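The numbering of the sequence shown is this note's numbering, which starts it at -8 and goes up by one.
For reference, the structure is listed below as structure tokens.
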Amino acid sequence: MTDAAPDIHPASDVEEDSEAAMTTPHVVVVMGVAGTGKTTIGPLLADRLGVPYAEADDFHPEANIAKMSAGTPLTDEDRRPWLDAIGAWAHGRAGLGGVVSCSALKRAYRDRLRAAAPDVVFVHLTGDRELIEDRMAHRQGHFMPTALLDSQFATLQPLQADETGVGVDVTGSPDEITDRAVTALDGLAR
-8 MTDAAPDIHP
2 ASDVEEDSEA
12 AMTTPHVVVV
22 MGVAGTGKTT
32 IGPLLADRLG
42 VPYAEADDFH
52 PEANIAKMSA
62 GTPLTDEDRR
72 PWLDAIGAWA
82 HGRAGLGGVV
92 SCSALKRAYR
102 DRLRAAAPDV
112 VFVHLTGDRE
122 LIEDRMAHRQ
132 GHFMPTALLD
142 SQFATLQPLQ
152 ADETGVGVDV
162 TGSPDEITDR
172 AVTALDGLAR
């Protein structure tokens, strides 16, 4: 893991009668391919739910960042320590709630996260490839080049019926996407 601590953002104060959807403090994993908006939607969702946010990219070991920066896809072996660090964070937030962004592209990756934190809930950000590629081409300060998008889509295994989670379309503004996520999570809690 990197020497720097993960970038964890405390939630803003949330009024008791706010629109925060989930009354049970779950840890929500905002997942999806690169460019879907995990890093944008994650903090917004955490704020709406009144829980802290952690950026999964901050859990990557330096070797992973170097590989991705060079346009080299990560292997499952590369991802294990990263997933374990995220799982440990989620486990530590069990019963308290939290939101963490994590691609979680494969079922095996999500199973690894669930092994550490069995009550995690997934919000799968989905969108068409053209929209996502356009967003990636215009973002700054991120180490994932658009050239890796094909490998991300090839790796993606969408949530299955037996996995606790929801799919959320990423068209529209960040606030609109967050609204859809909150509504979908509220539907899970019923």
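Where a beta carbon is used, it is the ideal one built from N, C-alpha and C, also for glycine.
Values in this document were obtained by computation on a predicted structure and should not be read as measured data.
- Task: Alpha carbon to alpha carbon, how far is glutamate 154 from leucine 182? Give it in angstroms, no decimals.
- Result: Examination of residue 182 is not possible in this model, given that the chain is present from -8 through 181 alone.
- Query: Are there 16 or more other CB atoms within 10 angstroms of the CB of aspartate 141, so buried, or fewer, so exposed?
  - Reply: In the sequence shown, the residue the question calls residue 141 occupies position 150. Looking at its Cβ environment, which holds fewer than 16 other Cβ atoms inside 10 Å, aspartate 141 is exposed.
- For aspartate 127, which of Val90, Asp49 and Val24 has the nearest alpha-carbon? What you label residue 127 is simply residue 136 of the sequence shown in a count that begins at 1. The amino acid at residue 127 is misidentified as aspartate; the sequence shows methionine. Among Val90, Asp49 and Val24, the Cα nearest to that of methionine 127 is on Val24.
- Counting only the same chain and skipping the five closest in sequence on each side, list residues whose C-beta sits under 6 Å from that of leucine 87. Taking the sequence shown and counting its residues from 1, the one referred to as residue 87 is at position 96. Closer than 6 Å at Cβ, skipping near neighbours: Pro16.
- Cα-Cα separation, alanine 108 to leucine 35: Translated into the one-based positions of the sequence shown, residue 108 becomes position 117. Translated into the one-based positions of the sequence shown, residue 35 becomes position 44. Cα-Cα distance, rounded: 22 Å.
- So, using beta-carbon positions, are glycine 78 and valine 42 closer together than 8 Å? Here residue 78 is taken as the residue at index 87 of the sequence shown, counted from 1. Here residue 42 is taken as the residue at index 51 of the sequence shown, counted from 1. Not in contact: glycine 78 and valine 42 (Cβ atoms no closer than 8 Å).
- Out of curiosity, what's the CA-to-CA distance linking proline 72 and proline 165? As a first step, residue 72 is located in the sequence shown; it is residue number 81 there, counting from the start. As a first step, residue 165 is located in the sequence shown; it is residue number 174 there, counting from the start. Cα to Cα, the separation comes out at about 30 Å.
- By how many angstroms is the C-alpha of isoleucine 56 removed from the C-alpha of arginine 171? Looking up residue 171 in the sequence shown gives position 180. Looking up residue 56 in the sequence shown gives position 65. Near 31 Å, if we compare the C-alpha coordinates of isoleucine 56 and arginine 171.
- Query: Taking the alpha helix (DSSP H) that glutamate 154 falls in, what are its first and last residues?
  - Reply: Residue 154 sits at position 163 when you count from the first residue of the sequence shown. First-last for glutamate 154: undefined, no H or E at that position.
- 6 Å CB neighbourhood of phenylalanine 50 in its chain, flanking five on each side removed: For the purposes of this step, residue 50 is identified with residue 59 of the sequence shown, where counting begins at 1. Closer than 6 Å at Cβ, skipping near neighbours: Pro(-3), Trp73, Ala76 and Ile77.
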